[in-house]
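Everything on this sheet refers to the single structure shown next.
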Amino acid sequence: MAEEQKPETPAKPAAHAPKPPPAAPVAPWEGELPDSVKQQFGEAILEASVSLGQSYLAVKPEAVISVLEFLRFEKDFDYLVDVTAVDYPQRAERFDIVYILYSFSRNERIRVKTRIAADRQPESAVDVYLTANWLEREVFDMFGIRFANHPDMKRILLPDEWQGHPLRKETSILAMDNHWVKENLGIESGQ
Amino acid sequence: MPDTTFLDATELVLNMGPQHPSTHGVLRVILKLDGEKVIGTECVIGYLHRGVEKIAENRTYAMFAPYVDRMDYVAAVSNGLGYCLAVEKLLSVEAPPRAQAVRVTLTELNRIASHLLWLGTHALDIGAITPLFYTLREREEVLKIFEKYCGARLTTHAFRIGGLQYEIYEDFERDVNAFCDMFLPKVDEYEELLTNNRIWRRRLIGVGILKAEDCKQYGVTGPVLRAAGVKWDIRKALPYSGYEKYDFEIPTARNADTYDRYVVRMAEMQQSVRIIRQAVAGIPEGPIMAKVPKVIKPPVGEAYVSIEAPKGELGYFVVSDGSTQPYRVRIRPPSFVNLQALDRMCRGALVADVVAIIGTIDIVLGEIDR
């Protein structure tokens, strides 16, 4: 593998770090599948790359559901493995939403990624994959990303009345909803 | 509740759990009933939420490894393997062949231990007490091997990023082979107790059907998917840790009901013995650790790696920002995703069947709630 030392996110502020850490090499993803997706969606596909032997598509947020539909019904990616998010608070489009897809017939796993701003509500993927229901609820619970047109958009792991979203980077690992704990458990703090 | 509840004379909302022995932990299921018939369910989960993914962001890569054992605590070895493989992927290193053979041996032993616990408790839920004593007796032998190998029985922390911490002990091969010889006839013993047992069959056949199409829609994997006739196993489809070298079958069944899942898991245990025998016979000489730096700092990037855990696809999505701590670790637990199909499987069934269906999905709440 060629040792390309190019950072994945070029817009990284270099103020606090004198030298950016090395990055895993990223190569363009070539083949029939990325070509047909690019042909179908044109500019909505921002990137089709392979990194560490795993291929992914970076997609504009408004096109995600139609890309998923295309992959599901035209390209036979019939299994949604996971939906998750990654928080980059210093970015304008704060969250990465990552969909991991697998196709039984092609025996291929790909990722579809998109970036959304904190005030945006991405479209729910439940109409395309039923699995997305609980997975998106968990993303909402942990990151506070509300999915539009989700049949049951509420918390899943934390109590419904809980305040705060623990996997956001600004939430400290010790942070908790003290009010909820006091009210419901009758103790000052769970720590 | 899936449909809006209107309480009339025939409808009843019943809380099952979280403190109910047949929910295998702290699962709460809100049942909407019409007499004995289930017309809708809602799962309430999260009672065991410990914020494992948040902890990961505040620990170094090596420090986080013991935490993953606490998710699916009956299959801790599988959890550890998945995490190590994901970090190794980010580091672009591979465990040496000797470490891989030991990893496969221990992981398959753990699959047997996990399936044994499932079998015992599932049978207990249905009303058969005897199998539990038998399965725990055999599971004990597996745990003894773990204890001799790494000092722990359940939360083993057996593997390290890049290979193994411990060399196998002197009689490891002998112990494992002795277990295999002892165990295979025991499977027949369980089958004698259950397979043609009239009560067992009447309680399981045709209960909790989830067809292949629905499995894919709900993302259900593992024995539940294979019982629906889909011959899919990550060990074969996307092999890891040298599984491609071993000769084994993927057991499947056709009827997609609770009984077929029992048949599939029983056959899986026998296949695991087959893999263990091959792996332990061919443990190559050589180092047990790949070249991994003392301070693990993977290059900036992200990777998703999944393994076939006893319960289905267990995946780790790890994002590195080039520092010593992971930027994000997402754990894709099989139980969490499989449990989502509970509502579909329970509709139209009887209350007693709900117990059987929860048992047949084989959930572990530690993994669902993380």
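In order, the protein sequence lines correspond to chains A and B.
Quick note, in the working numbering, the first sequence goes up one by one and the last residue is 1427.
Quick note, in the working numbering, the second sequence goes up one by one and the last residue is 714.
The beta-carbon is built from N, C-alpha and C at its ideal position, and this holds for glycine as well.
Pick from the options that is closest to residue i, judged by C-alpha positions
i          : options                                        : result
LYS580(B)  : ILE594(B), PHE523(B), ARG372(B)                : ILE594(B)
GLU1298(A) : LEU1403(A), ARG1351(A), VAL1286(A), ASP1355(A) : ARG1351(A)
SER458(B)  : ILE632(B), LEU375(B), THR602(B), THR479(B)     : THR479(B)
PHE1309(A) : LEU694(B), GLN561(B), GLN509(B), LEU453(B)     : GLN561(B)
ARG1346(A) : ASP515(B), LEU582(B), LEU463(B), LYS492(B)     : Here the sequence assigns Ile to residue 1346(A), which means Arg is not the residue at that position. Nearest of ASP515(B), LEU582(B), LEU463(B), LYS492(B) to ILE1346(A), Cα basis: LEU582(B).
GLU1266(A) : TYR1292(A), GLU1279(A), LYS1255(A), ILE1381(A) : TYR1292(A)
GLY586(B)  : GLY703(B), TYR405(B), ALA443(B)                : ALA443(B)
GLY656(B)  : ALA419(B), LEU358(B), GLY384(B), THR404(B)     : ALA419(B)
TYR1335(A) : LEU1371(A), MET1389(A), SER1341(A)             : LEU1371(A)
LEU487(B)  : ASP604(B), ALA696(B), GLY369(B), VAL421(B)     : VAL421(B)
ARG1342(A) : TYR405(B), ARG372(B), VAL412(B), TRP576(B)     : TRP576(B)
LEU1337(A) : TYR1365(A), ASP1271(A), ALA1321(A), GLY1278(A) : TYR1365(A)
TYR417(B)  : ASN454(B), PRO631(B), ARG542(B)                : ASN454(B)
LEU358(B)  : VAL370(B), HIS368(B), GLU380(B)                : GLU380(B)
LYS376(B)  : VAL396(B), GLU355(B), GLY369(B)                : GLU355(B)
ILE578(B)  : SER1285(A), SER1287(A), GLU1344(A)             : GLU1344(A)
PRO654(B)  : SER664(B), GLY630(B), LEU569(B), CYS559(B)     : LEU569(B)
TYR510(B)  : LYS492(B), VAL370(B), ILE702(B)                : LYS492(B)
ASP1363(A) : ARG1373(A), PHE1306(A), ALA1280(A), HIS1386(A) : HIS1386(A)
ARG447(B)  : VAL412(B), ALA600(B), ARG504(B), ILE470(B)     : ARG504(B)
GLU1419(A) : LYS1405(A), TRP1398(A), LEU1410(A)             : TRP1398(A)
ASP1332(A) : TYR671(B), ILE702(B), ALA696(B)                : TYR671(B)
LEU435(B)  : SER664(B), ILE702(B), ILE489(B)                : SER664(B)
ILE702(B)  : PHE490(B), ILE470(B), ASP378(B), ARG394(B)     : ILE470(B)
ARG618(B)  : ALA472(B), PHE592(B), ARG542(B)                : PHE592(B)
PRO631(B)  : ILE543(B), ASN540(B), ILE512(B)                : ILE512(B)
Contact belief for residue i with residue j at Cβ below 8 Å, rounded distance in angstroms
i          : j          : result
LEU461(B)  : LEU468(B)  : At roughly 11 Å, the Cβ-Cβ gap does not stay under 8 Å, so LEU461(B) and LEU468(B) are not in contact.
LEU683(B)  : TYR606(B)  : That belief does not hold up - the Cβ atoms of LEU683(B) and TYR606(B) are roughly 18 Å apart, past 8 Å.
MET415(B)  : GLU646(B)  : Not really, about 21 Å apart at Cβ, beyond 8 Å.
VAL551(B)  : ALA700(B)  : 6 Å
SER1339(A) : ASP1323(A) : With a Cβ gap of about 29 Å, SER1339(A) and ASP1323(A) do not count as contacting.
CYS387(B)  : LEU686(B)  : 6 Å
ARG691(B)  : VAL382(B)  : 6 Å
GLU485(B)  : PHE523(B)  : 5 Å
GLY566(B)  : VAL1317(A) : Incorrect: roughly 13 Å between the Cβ atoms, too far for contact.
PRO643(B)  : ALA1260(A) : 5 Å
LEU1269(A) : LYS1311(A) : 6 Å
GLY297(B)  : ARG598(B)  : The question about residue 297(B) has no answer here: the residues shown for chain B are numbered 345 through 714.
ALA1384(A) : GLU1359(A) : 5 Å
ALA1321(A) : PHE1379(A) : 5 Å
ASP1413(A) : ILE1392(A) : That belief does not hold up - the Cβ atoms of ASP1413(A) and ILE1392(A) are roughly 16 Å apart, past 8 Å.
TYR405(B)  : VAL431(B)  : 5 Å
LYS433(B)  : LEU1288(A) : 6 Å
ILE707(B)  : HIS368(B)  : 6 Å
Contact check, residue i vs residue j, beta carbons under 8 Å
i          : j          : result
VAL531(B)  : ALA571(B)  : no
ALA623(B)  : TYR590(B)  : yes
ARG1330(A) : ALA1361(A) : no
LEU1394(A) : GLY390(B)  : yes
LYS1349(A) : VAL1295(A) : yes
GLU401(B)  : GLN614(B)  : no
LEU392(B)  : LEU709(B)  : yes
SER616(B)  : GLU452(B)  : yes
THR385(B)  : ILE620(B)  : no
LEU508(B)  : MET633(B)  : yes
VAL1319(A) : ALA1368(A) : yes
GLY506(B)  : PRO1257(A) : no
ALA445(B)  : ILE627(B)  : yes
VAL698(B)  : VAL373(B)  : yes
LEU554(B)  : ARG403(B)  : no
THR704(B)  : THR602(B)  : yes
HIS1401(A) : THR1407(A) : yes
GLU588(B)  : PHE527(B)  : no
ASP1388(A) : ARG1373(A) : yes
ILE489(B)  : ASP519(B)  : yes
Pick out the complete beta strand (DSSP E) segments inside the segment 1270–1355 of chain A, 3 residues or longer, and give them in chain order. With a minimum length of 3 residues, the continuous beta strand (DSSP E) runs that stay inside the segment 1270–1355 of chain A are 1281–1287, 1290–1295, 1315–1323, 1331–1339, 1344–1352.
Which complete alpha helix (DSSP H) runs does the segment 469–523 of chain B hold, if anything under 4 residues is left out? Counting only runs of 4 or more, we get 474–494.
For the pair the segment 672–680 of chain B and the segment 628–638 of chain B, tell me if three or more CB-CB distances fall below 8 Å. Counting Cβ pairs under 8 Å, fewer than three are found: no touch.
Residue ranges of each beta strand (DSSP E) within the segment 632–680 of chain B, 3 or longer: 645–653, 656–664, 672–676, all fully within the segment 632–680 of chain B.
Pairs of beta-carbons, one from the segment 363–371 of chain B and one from the segment 425–445 of chain B, closer than 8 Å: are there three or more? The segment 363–371 of chain B, when compared against the segment 425–445 of chain B, does not touch it at the 8 Å Cβ threshold.
contact_flag[the segment 481–498 of chain B, the segment 642–659 of chain B] where n(CB pairs < 8 Å) is 3 or more: Cβ pair count under 8 Å is below three, so no.
For the 8 Å Cβ check, are there 3 or more pairs between the segment 655–662 of chain B and the segment 419–434 of chain B? Between the segment 655–662 of chain B and the segment 419–434 of chain B there are three or more C-beta pairs closer than 8 Å, enough to call the two in contact.
Runs of alpha helix (DSSP H) lying entirely within the segment 398–481 of chain B, each at least 4 residues, in chain order: The segment 398–481 of chain B contains these whole alpha helix (DSSP H) runs: 405–412, 420–435, 441–470.
Ignoring anything shorter than 4 residues or poking outside the segment 577–603 of chain B, list the alpha helix (DSSP H) runs there in chain order. Runs of the alpha helix (DSSP H) lying entirely within the segment 577–603 of chain B, each at least 4 residues long, are 578–581 in chain order.
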